[in-house]
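K.L.:
Structure incoming, see below.
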Amino acid sequence: MSETDGAWVSLFSGGKDSSWALYRALEEGIDVRRLLTVHPSDDSYMYHVPATELASLAAESIGIELVDVDPGDLGAESATDSNEQGDDELEPLEAALSDLDRELEGGLAGVTAGAVESEYQTSRIEGMCDRLGCRLFAPLWQRDPHDLADAMLEVGFEIVIVQVAAGGLDRSWLGRTLDREAIEELDALNAEYGVHVLGEGGEFETLVVDGPHMARRIALEYEPEWEGTRGSIRITDAELA
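For the sequence shown, the positions run 1 to 241 when the UniProt record's numbering is used.
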């Protein structure tokens with residue numbers, strides 16, 4: 001398998017980070033032929049959890065075929081620590097990529113990923129790519145979060161917050177658009193509570209409902225669900241506008 005020829009697969013949740021990695025890959029002319037979404041059943045050390053069921057709508061709007069991976073409860077009970085669980089969670093993803101390596105014309109050339117600062121995730125994805133003999137494209141890796149936020153908003157990403165779980169982030173943030181005003185407020189919350197501007201520590205999760213790589217916007221209807229110190233939106237309807 002060549003590292004330069006062949007197909008690329010984008011690890012894709014529909015959130016801002018994986019969407020930005022995909023967008024940058026397409027802008028650079030990388031031949032992305034599949035999006036791959038992992039649907040974890042519960043809290044995950046490796047994957048974006050909320051609203052991944054909407055990745056199929058995003059993929060339809062983007063115009064790239066989506067592959068769904070359901071890891072089930074692998075590692076949830078047998079793992080004794082976070083390192084073991086992370087390794088277990090990677091197995092279904094690696095198996096799916098190995099299948100695509102055999103199926104796609106030219107084999108698997110590389111994988112795009114939206115990692116920003118997490119050594120935990122990135123080291124495992126790098127190791128997986130080494131085992132598969134493919135490249136890793138991670139354009140967000142160790143970039144300044146403010147520069148990344150500015151770049152996403154500058155090109156026209158419309159980003160909705162779908163889950164919050166951090167001090168300073170209350171119910172009012174659920175369903176809110178991550179715009180420049182929100183970034184300024186997150187800066188203040190960073191100073192007071194340590195909230196990461198891009199939610200890199202799991203403080204919040206997002207969904208990209210529109211962008212220059214999408215032909216149609218995702219229109220959402222939802223109900224906020226709040227559980228004392230954290231919450232998420234429950235999608236009641238979603239369609240391509």
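Built from N, CA and C at the ideal position, the CB exists for glycine as well.
Quick caveat: nothing in here was measured; it's all calculated off a predicted structure.
According to the Cβ coordinates, are L93 and A113 closer than 8 Å?
P.N.:
Residue 93 sits at position 93 when you count from the first residue of the sequence shown. Residue 113 sits at position 113 when you count from the first residue of the sequence shown. Their beta carbons are not under 8 Å apart, which means L93 does not touch A113 by this criterion.
K.L.:
Going residue by residue through the region 142 to 225, where are the continuous beta strand (DSSP E) segments of at least 3 residues, counting only ones entirely within it?
P.N.:
With a minimum length of 3 residues, the continuous beta strand (DSSP E) runs that stay inside the region 142 to 225 are 158 to 164, 204 to 210.
K.L.:
Out of curiosity, what's the CA-to-CA distance linking P71 and H39?
P.N.:
The sequence position of residue 71 within the sequence shown is 71, counting from 1. The sequence position of residue 39 within the sequence shown is 39, counting from 1. Cα-Cα distance, rounded: 7 Å.
K.L.:
Beta-carbon within less than 6 Å of E119's beta-carbon, same chain only, minus the 5 sequence neighbours each way: which residues are those?
P.N.:
As a first step, residue 119 must be located in the sequence shown, where it is residue number 119. Here the set comprises nothing.
K.L.:
Since T236 is in the beta strand (DSSP E), which residue starts that stretch and which ends it?
P.N.:
In the sequence shown, residue 236 corresponds to position 236, counting from 1. Residues 231 to 240.
K.L.:
Pull the bridge partners of T122 from the DSSP assignment, please.
P.N.:
Locating residue 122 in the sequence shown gives position 122, where the first residue counts as 1. Paired residues: none, contrary to the question.
K.L.:
Taking 8 Å as the cut-off, does the region 94 to 111 touch the region 4 to 13 (at least 3 CB pairs, one atom from each stretch)?
P.N.:
Counting Cβ pairs under 8 Å, three or more are found: they touch.
K.L.:
Beta-carbon within less than 7 Å of V195's beta-carbon, same chain only, minus the 5 sequence neighbours each way: which residues are those?
P.N.:
In the sequence shown, counting from the first residue as 1, residue 195 sits at position 195. So the list reads A166, G168, L169, L186, L189, E203, once near-sequence residues are dropped.
K.L.:
If you draw a straight line from the alpha carbon of L66 to that of A96, how long is it in whole angstroms?
P.N.:
The residue given as residue 66 occupies position 66 in the sequence shown. The residue given as residue 96 occupies position 96 in the sequence shown. Spanning the two alpha carbons is a distance of roughly 12 Å.
K.L.:
Going by C-alpha to C-alpha distance, which of Y222, S172, I183 sits closest to A151?
P.N.:
Taking the sequence shown and counting its residues from 1, the one referred to as residue 151 is at position 151. That would be I183, whose Cα lies nearest to the Cα of A151.
K.L.:
In its own chain, which residues sit with a C-beta less than 8 Å from the C-beta of R33, not counting the 5 before and 5 after it?
P.N.:
The sequence position of residue 33 within the sequence shown is 33, counting from 1. So the qualifying residues of the chain are A7, W8, V9, I64, E65, L104.
K.L.:
From what residue to what residue does the beta strand (DSSP E) around S13 run?
P.N.:
Position 13 of the sequence shown, counting from 1, holds the residue named residue 13. Taken as a continuous stretch (DSSP letters only), S13 belongs to no beta strand (DSSP E), as it is neither H nor E.
K.L.:
Quick check on E77: does DSSP put it in helix, strand or coil?
P.N.:
If you number the sequence shown from 1, residue 77 lands on position 77. Bear in mind that the predicted position of E77 carries a pLDDT of just 47, short of 50, making it unreliable; the figure below should be weighed with that in mind. Residue state, collapsed to three classes: coil.
K.L.:
Alpha carbon to alpha carbon, what distance is there between G133 and W226?
P.N.:
One-based indexing of the sequence shown puts residue 226 at position 226. One-based indexing of the sequence shown puts residue 133 at position 133. Looking at the two C-alpha atoms, the distance is approximately 44 Å.
K.L.:
Under the three-state reduction of DSSP, which class applies to D68: helix, strand or coil?
P.N.:
Mapped onto the sequence shown, residue 68 falls at position 68. Note: D68 maps to strand in three-state DSSP.
K.L.:
Ends of the alpha helix (DSSP H) at A59?
P.N.:
The sequence position of residue 59 within the sequence shown is 59, counting from 1. Per DSSP, A59 belongs to the alpha helix (DSSP H) from 55 to 62.
K.L.:
Kindly identify the DSSP beta-bridge partner or partners of T52.
P.N.:
In the sequence shown, counting from the first residue as 1, residue 52 sits at position 52. The partner list for T52 (beta bridge, DSSP) is empty, contrary to what the question assumes.
K.L.:
So is A59 buried or exposed if we call it buried at 16+ other beta carbons inside 10 Å?
P.N.:
Here residue 59 is taken as the residue at index 59 of the sequence shown, counted from 1. A59 comes out buried.
K.L.:
Give every residue of the same chain whose Cβ lies closer than 6 Å to the Cβ of A215, excluding the five residues on either side of it in the sequence, and list them in chain order.
P.N.:
If you number the sequence shown from 1, residue 215 lands on position 215. Closer than 6 Å at Cβ, skipping near neighbours: S61.
K.L.:
Is the distance from the Cβ of F157 to the Cβ of V116 below 8 Å?
P.N.:
By one-based count along the sequence shown, residue 157 stands at place 157. By one-based count along the sequence shown, residue 116 stands at place 116. No; because the gap between Cβ atoms is not below 8 Å, this pair is not in contact.
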